[in-house]
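Peer 1: Have a look at this one before I ask anything.
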Amino acid sequence: MTSTEEKCDKTEVETKKDPSEPSDHDSSSKMECDAEKIEEGDDNQEKPLSKKQQNRLKWKQRYLEKRLVKRVEERERKKAKRAAMREAGEFEKLKRKRGKKMADSNSKQRVIIDMSFDDLMSEKDQKRTVQQINWCYAANRHCPEPFQFHVVGFDGPSRKMYDGIEANWNQDIHLHTEKLEQVFPKEDIVYLTAESENLLTELDDTKAYVIGGIVDHNSQKGLCHRIAEEKGYGHARLPIDEYVHLKTRRVLTINQVYEILVHFSVHKDWEQAFLSIVPERKGLKKKEKTPDDPEATTD
Numbered sequence: 017m018t019s020t021e022e023k024c025d026k027t028e029v030e031t032k033k034d035p036s037e038p039s040d041h042d043s044s045s046k047m048e049c050d051a052e053k054i055e056e057g058d059d060n061q062e063k064p065l066s067k068k069q070q071n072r073l074k075w076k077q078r079y080l081e082k083r084l085v086k087r088v089e090e091r092e093r094k095k096a097k098r099a100a101m102r103e104a105g106e107f108e109k110l111k112r113k114r115g116k117k118m119a120d121s122n123s124k125q126r127v128i129i130d131m132s133f134d135d136l137m138s139e140k141d142q143k144r145t146v147q148q149i150n151w152c153y154a155a156n157r158h159c160p161e162p163f164q165f166h167v168v169g170f171d172g173p174s175r176k177m178y179d180g181i182e183a184n185w186n187q188d189i190h191l192h193t194e195k196l197e198q199v200f201p202k203e204d205i206v207y208l209t210a211e212s213e214n215l216l217t218e219l220d221d222t223k224a225y226v227i228g229g230i231v232d233h234n235s236q237k238g239l240c241h242r243i244a245e246e247k248g249y250g251h252a253r254l255p256i257d258e259y260v261h262l263k264t265r266r267v268l269t270i271n272q273v274y275e276i277l278v279h280f281s282v283h284k285d286w287e288q289a290f291l292s293i294v295p296e297r298k299g300l301k302k303k304e305k306t307p308d309d310p311e312a313t314t315d
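If you want it as structure tokens, here you go:
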């Protein structure tokens, strides 16, 4: 009940106390109440839309109608395109471009990213590491015979970042929360590190090559080499110095190391692998062979 209705009811009660005495006050009070009710009713009624609001509403309706028509047309175009591709046999070409899955690959070569370094990286670097895992995945998918790609120790903040990307949910990667030595036999492990004195000349599919999942190598120089030494893992370095000159340190990103391994597995040429993958900003130059080099040819 509104305040006006309460006021009117109260007036009627007071009037009924002595009905034998009509009063002008009664009539005027009733008229005032009726007037207030009318005003209150007018306030409660919905105000009509202004011309600007009406035009905006019409525009929105037209926009929604056009968008619906466009969606229908787009679906029809895609349907027609798929039909044309099917007739031309293009679907089979697309399937070939997508590459094999690991289970169908003839390569049994294991390549692992060790993600047990989250506590040594900032959130920004953790995000960069996840991005580089995705680039490794893309390189593996484009390889004619994909590696058996594993990520181990993947249970920290970086894993949450990775899982938060919907596109990652169906990736063909072996993900492990367990540590490296819990997944692979110690005798199979070869940690790739720039500080190793052992030279990697060929890929051995009985070995599991490990890339440290850390991006800030400058603050953690030699860390992966120390871990390999302490835990008794095998270790090796890529033959960078034997094939090219670098103006910067021989430290590459996670995905660059992975892509070099992929390139070498296909072409069996370290020099071309380095020249193709390592960015020019590192001052990469082809190393000229001298007569003293074992690979130098003589007439």
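Following our numbering, the numbering of the sequence shown begins with 17 at its first residue and continues without gaps.
From the three backbone atoms N, C-alpha and C, an ideal C-beta is built for every residue, glycine too.
Keep in mind it's a predicted model, so treat the numbers as computed, not measured.
Quick one: residues in its chain with C-beta nearer than 7 angstroms to the C-beta of CYS240, no 5 flanking neighbours on either side, listed in chain order?
Peer 2: Sequence index remark: in the sequence shown, residue 240 carries index 224 (1-based). TYR207, THR209 and GLY228.
Peer 1: Helix, strand or coil for ASP130 per DSSP?
Peer 2: Start at 1 with the first residue of the sequence shown, and residue 130 comes out as number 114. DSSP places ASP130 in strand when its eight states are reduced to three.
Peer 1: Determine the burial state of ALA289: buried for a count of at least 16 other Cβ atoms within 10 Å of its Cβ, exposed for fewer.
Peer 2: The residue given as residue 289 occupies position 273 in the sequence shown. Classification for ALA289: buried.
Peer 1: Looking at the structure shown, is LEU196 part of a helix, part of a strand, or coil, going by DSSP?
Peer 2: Counted from its first residue, the sequence shown places residue 196 at position 180. Of the three classes helix, strand and coil, the one that applies to LEU196 here is helix, per DSSP.
Peer 1: Just to confirm the assignment: which complete beta strand (DSSP E) runs, minimum length 3, are found wholly within the segment 172-222?
Peer 2: Counting whole runs of 3 or more residues, the segment 172-222 contains the beta strand (DSSP E) stretches 205-208.
Peer 1: Rounded to a whole number of angstroms, what is the C-alpha to C-alpha distance between TYR274 and SER212?
Peer 2: For this step, residue 274 is matched to residue 258 along the sequence shown. For this step, residue 212 is matched to residue 196 along the sequence shown. Distance between the alpha carbons of TYR274 and SER212 is about 17 angstroms.
Peer 1: Give the DSSP-derived three-state secondary structure of PHE290 in the structure shown.
Peer 2: Start at 1 with the first residue of the sequence shown, and residue 290 comes out as number 274. In this structure, PHE290 counts as helix in the three-state DSSP scheme.
Peer 1: State the beta-bridge partners of ASP250 as determined by DSSP.
Peer 2: Position 234 of the sequence shown, counting from 1, holds the residue named residue 250. Reading the sequence as shown, one finds Gly at residue 250 and not Asp. In DSSP, GLY250 forms a bridge with VAL206.
Peer 1: Residues in the same chain with beta-carbon distance under 7 angstroms from SER292, minus the five sequence neighbours each way, listed in chain order, please.
Peer 2: Counted from its first residue, the sequence shown places residue 292 at position 276. Closer than 7 angstroms at Cβ, skipping near neighbours: HIS279.
Peer 1: Under 8 angstroms, Cβ to Cβ, is there at least one residue of chain D near ILE256?
Peer 2: The displayed structure is made up of one protein chain only, and chain D is not part of it.
Peer 1: At what residues does the alpha helix (DSSP H) containing ALA155 begin and finish?
Peer 2: Residue 155 sits at position 139 when you count from the first residue of the sequence shown. 139-158 is the span of the alpha helix (DSSP H), which, as asked, contains ALA155.
Peer 1: I'd like to confirm the pairing. Which residues does DSSP put opposite HIS241 in its beta bridges?
Peer 2: Locating residue 241 in the sequence shown gives position 225, counting from the first residue. Answer by DSSP bridge pairing: none, since HIS241 is not bridged.
Peer 1: CB-CB under 6 angstroms to LYS303, same chain, minus the five flanking residues each way: which ones, in chain order?
Peer 2: Against the sequence shown, residue 303 aligns to sequence position 287. Once the five neighbours on either side are set aside, the close Cβ partners of LYS303 are TYR259, VAL260 and HIS261.
Peer 1: Taking the alpha carbon of THR217 as the reference point, which residue from TRP286, LYS247 and LYS76 has its own alpha carbon closest?
Peer 2: Here residue 217 refers to the residue found at position 201 when the sequence shown is read from its first residue. Answer by Cα proximity: TRP286.
Peer 1: Which whole-angstrom value is the C-beta distance of ASN271 and ALA183, which I expect to be below 8 angstroms?
Peer 2: Within the sequence shown, the letter at position 255 stands for residue 271. Within the sequence shown, the letter at position 167 stands for residue 183. So it is not a contact: roughly 16 angstroms between Cβ atoms.
Peer 1: Is LYS303 helix, strand or coil by DSSP?
Peer 2: Position 287 of the sequence shown, counted from the start, is the residue given in the question as residue 303. It is coil, neither helix nor strand.
Peer 1: Quick one: grab the DSSP three-state call for SER39.
Peer 2: The residue given as residue 39 occupies position 23 in the sequence shown. At SER39 the pLDDT is 49, less than 50, meaning the model places this residue with poor confidence and gives no usable figure here.
Peer 1: Straight-line CA distance for ILE189 to SER123?
Peer 2: Looking up residue 189 in the sequence shown gives position 173. Looking up residue 123 in the sequence shown gives position 107. For ILE189 and SER123, the distance between alpha carbons rounds to 15 angstroms.
Peer 1: From the DSSP output, in three-state form, read off PHE280 for me.
Peer 2: Numbered from 1 along the sequence shown, position 264 holds the residue referred to as residue 280. DSSP places PHE280 in helix when its eight states are reduced to three.
Peer 1: Start and end of the alpha helix (DSSP H) containing ILE256?
Peer 2: Here residue 256 refers to the residue found at position 240 when the sequence shown is read from its first residue. 256-259 is the extent of the alpha helix (DSSP H) around ILE256.
Peer 1: Of the residues LYS95, LEU268, ASN71 and ASP220, which one's Cα is nearest the Cα of LYS237?
Peer 2: The residue labelled residue 237 in the question sits at position 221 within the sequence shown. Answer by Cα proximity: LEU268.
Peer 1: Could you name the residues of the same chain whose beta carbon sits closer than 8 angstroms to that of ASP135, not counting the 5 residues immediately before and after it, in chain order?
Peer 2: Taking the sequence shown and counting its residues from 1, one reaches residue 135 at position 119. Taken in chain order, the residues that qualify are GLY172.
Peer 1: If you draw a straight line from the C-alpha of GLU197 to the C-alpha of LYS301, how long is it?
Peer 2: Here residue 197 refers to the residue found at position 181 of the sequence shown. Here residue 301 refers to the residue found at position 285 of the sequence shown. Cα to Cα, the separation comes out at about 37 angstroms.
Peer 1: Round the Cβ separation of GLY169 and ASP130 to the nearest angstrom and send it over; I've been treating them as touching at under 8 angstroms.
Peer 2: If you number the sequence shown from 1, residue 169 lands on position 153. If you number the sequence shown from 1, residue 130 lands on position 114. Indeed they touch by this definition, with Cβ atoms about 6 angstroms apart.
Peer 1: How close, in whole Å, do the beta carbons of LEU277 and LEU215 come, if the pair is a contact with beta carbons under 8 angstroms?
Peer 2: Here the question's residue 277 lines up with position 261 in the sequence shown. Here the question's residue 215 lines up with position 199 in the sequence shown. Contact flag wrong, Cβ pair sits at about 15 angstroms.
Peer 1: On the three-state DSSP scale, how would you describe ILE227?
Peer 2: Numbered from its first residue, the sequence shown carries residue 227 at position 211. Looking at ILE227 - three-state DSSP - the assignment turns out to be strand.
Peer 1: Just the Cα atoms here: how many angstroms apart are TRP75 and GLU90?
Peer 2: For the purposes of this step, residue 75 is taken as the residue at position 59 of the sequence shown. For the purposes of this step, residue 90 is taken as the residue at position 74 of the sequence shown. The alpha-carbon atoms of TRP75 and GLU90 are separated by roughly 22 angstroms.
Peer 1: How long is the line joining the alpha carbons of ILE181 and THR145, rounded to whole angstroms?
Peer 2: The residue labelled residue 181 in the question sits at position 165 within the sequence shown. The residue labelled residue 145 in the question sits at position 129 within the sequence shown. ILE181 and THR145: Cα-Cα distance of roughly 14 angstroms.
Peer 1: Please list the terminal residues of the continuous beta strand (DSSP E) segment that includes VAL168.
Peer 2: The residue you call residue 168 lines up with position 152 of the sequence shown. From DSSP, the beta strand (DSSP E) with VAL168 extends over 164-168.
Peer 1: Quick one: Cα of ARG126 to Cα of THR222, how far?
Peer 2: As a first step, residue 126 must be located in the sequence shown, where it is residue number 110. As a first step, residue 222 must be located in the sequence shown, where it is residue number 206. Roughly 8 angstroms separates the two Cα atoms.
Peer 1: For LYS284, tell me which candidate among ALA100, LYS263 and PRO255 has the shortest Cα-Cα distance.
Peer 2: Taking the first residue of the sequence shown as 1, we reach residue 284 at position 268. Checked all of ALA100, LYS263 and PRO255; the closest Cα to LYS284 is PRO255.
Peer 1: With a threshold of 16 other CB atoms inside 10 Å of the CB of PRO201, please say whether the residue is buried or exposed.
Peer 2: For this step, residue 201 is matched to residue 185 along the sequence shown. It counts as exposed.
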